[in-house]
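Numbering (my numbering), first residue to last: 1131 to 1744.
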């Protein structure tokens, strides 16, 4: 793939449908606190974002992959063109679309921001991680910091003056955050001396911002063990002068950068804090030992962002594979396969290629709908807070149960779908002349970072399903059930809706099994053995529901569109995405429920020695 060639593609018509026709952006926008926004403004932002993605970020994607980052004299240098792209990104305000005007943002609904993020990430995932982490760290300070900290840090981190990171993982403590050994010693002047090593820190150092603000989990001297003893600290790379400018180095050093399978343009660093006993930090807010709850505010946002990354690359892979399939000619049409003189057909005419493309299309559209639905709940919860607290609580609860689905299903499917896009290309997809091999490598990390997908599954079955006495999960199931009852006799989609009903019943039976196991110590291991399967089942029910919902809307809209209008084919595509998923994916939910009911414990029964090895 030649340097500087854009390969990013998406379909704004599809994004517009999901945002405006399916999830009613126009009903959320136009009302406080989003009264300055409407569909026209949102379309303008997305059109401009797509232009920027294709002209600026897209051409740098393969450059970043090939060049990677380099560590010289303790400083990280990003690939050619990244720094200029960083400046342009912030000049044009793409990262502050949904930021409060109090912090220099534009105050749009989160529904719009997630679609902006999909476009930016799809064009260049590695690059977009840097501003994404700064955004997440700034949000934590904005919500948990003192007024002075908010004034000092938030706007600078949101406007690109300073970067930001999240520093949890340590060499001996990966997902076991409570085992962290980094320390914080009170200095008596309100500052703390920070000491420790953090690994796998995305954007841990780079040359694009004037300073980097690290949010570091550490244990204050005398604090209890485990996560309850952790506090969160603001630790700048460069100390902050009294006038707010960046000053001397703060004893934060880069030990190394990782050499990875993908996202090579993103610097994944080992950071050493206080090797020379000169690293100073300040507590986020004023309360010690609440670091995990504060950090979870960033982690939850980061988990949603991973789901966005997943759909962004799966979508980019789809549209590249689709264009290739239309252009590439090989073999004759399947109706003339015995005729050696038949003209060569575009591979999109071959049944198996069509199957693969429709599979990718359906999943991309369904996962995008899941992401935007979650964002809609965020927006409505904010909009209704203090006005209708019961409704706001419902929307917050749906955010809770959908977050692990968005992260896990979006990331697992991204890797599978990008690999399937390679299969559409055949041998050409395996080489670097085409972007799908990079998309596949880049997407593998999504199921691993920000909490592995098994952690997401355990979060769902161990925490989220029981929240509010199980009300959030029951409301989700009630929403699916209401859709089923309203549309089970639909003239076109009725049978598919009945398949959704069967999947819903299978999901509920498995939920009851999980509850039963939680009350029986002897069968408790069945919960972690089944958690991943259950999360996948719930994701498939959610995606199947949203695809069918989109198809119902599309069927109604298509009746009012002329036969030769482009929207006619577009709406037909929505119908077939839903039918494919209902016929080929949703039946898996009922089968998975039967597997859960067998209570298979063979992974626990097998001895260590029986696994083999030399």
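The C-beta atom is built at its ideal place from N, Cα and C for all residues, glycine as well.
Small disclaimer: the values here were computed from a predicted structure and weren't measured.
Check, Outcome
"Burial state of residue 1398 (16 or more Cβ within 10 Å)", "buried"
"Secondary structure of residue 1666, DSSP reduced to three states", "helix"
"C-alpha distance - residue 1177 paired with residue 1142, whole-angstrom precision", "8 angstroms"
"DSSP three-state assignment for residue 1144, whether helix, strand or coil", "helix"
"Residue 1467 (DSSP reduced to helix, strand or coil)", "coil"
"Residue 1725 classed as buried or exposed, judged by whether at least 16 other C-beta atoms fall within 10 angstroms", "exposed"
"Continuous beta strand (DSSP E) stretch holding residue 1186: start and end", "Note, residue 1186: premise wrong, no beta strand (DSSP E); not H, not E."
"Inter-residue spacing [alpha-carbon to alpha-carbon] between residue 1618 and residue 1496", "20 angstroms"
"Selection from 1151, 1171 and 1152 that minimises the alpha carbon distance to residue 1160", "1171"
"Cβ neighbour criterion (16 or more within 10 Å) applied to residue 1655", "exposed"
"Beta-ladder partner(s) of residue 1205, from DSSP", "1202"
"Opposing strand residues paired with residue 1363 [DSSP bridges]", "1346 and 1413"
"Residue 1736 in three-state terms, based on DSSP", "coil"
"Selected residue, minimal CA-CA separation from residue 1292, among 1298, 1284 and 1299", "1284"
"Straight-line Cα distance separating residue 1616 from residue 1632", "15 angstroms"
"Nearest-angstrom Cα separation, counted from residue 1522 out to residue 1364", "31 angstroms"
"As assigned by DSSP and simplified to three states, the class of residue 1403", "strand"
"Alpha-carbon to alpha-carbon, residue 1585 and residue 1592", "10 angstroms"
"When 1311, 1636 and 1366 are compared against residue 1299, the one with the closest alpha-carbon", "1311"
"Where residue 1461 falls: helix, strand or coil (DSSP)", "strand"
"CB contact flag (residue 1308, residue 1252, <8 angstroms)", "no"
"Closest residue to residue 1745 among 1410, 1606 and 1478 (Cα-Cα distance)", "Because the chain here runs from 1131 to 1744, residue 1745 falls outside it and cannot be looked at."
"Residue 1502: first and last residue of the uninterrupted beta strand (DSSP E) it sits in", "Run containing residue 1502: none in the beta strand (DSSP E); it sits in the alpha helix (DSSP H), 1481 to 1514."
"Test item: CB-CB of residue 1451 and residue 1566 under 8 angstroms", "yes"
"Distance between residue 1188 and residue 1629 (C-alpha atoms, nearest Å)", "40 angstroms"
"Residues that residue 1382 bridges to, as DSSP identifies them", "1403"
"Assigned secondary structure, residue 1579 (DSSP; H/G/I helix, E/B strand, else coil)", "coil"
"For residue 1322, three-class secondary structure by DSSP", "strand"
"Cβ pair residue 1682, residue 1620 closer than 8 angstroms", "yes"
"Expected contact under 8 angstroms - CB spacing of residue 1395 and residue 1257 to nearest Å", "6 angstroms"
"DSSP bridge partner residues for residue 1341 (one or two, in chain order)", "1292"
"Beta-carbon proximity check, residue 1345 vs residue 1435, cutoff 8 angstroms", "no"
"Beta bridge counterpart(s) of residue 1332 as assigned by DSSP", "1398"
"Close-in-space but distant-in-sequence residues of the same chain around residue 1440 (CB under 6 angstroms, 5 per side omitted)", "1540, 1541, 1544 and 1576"
"Rounded straight-line distance, which links the Cα of residue 1657 to that of residue 1405", "43 angstroms"
"Whole-angstrom distance between residue 1493 and residue 1416, CA atom to CA atom", "45 angstroms"
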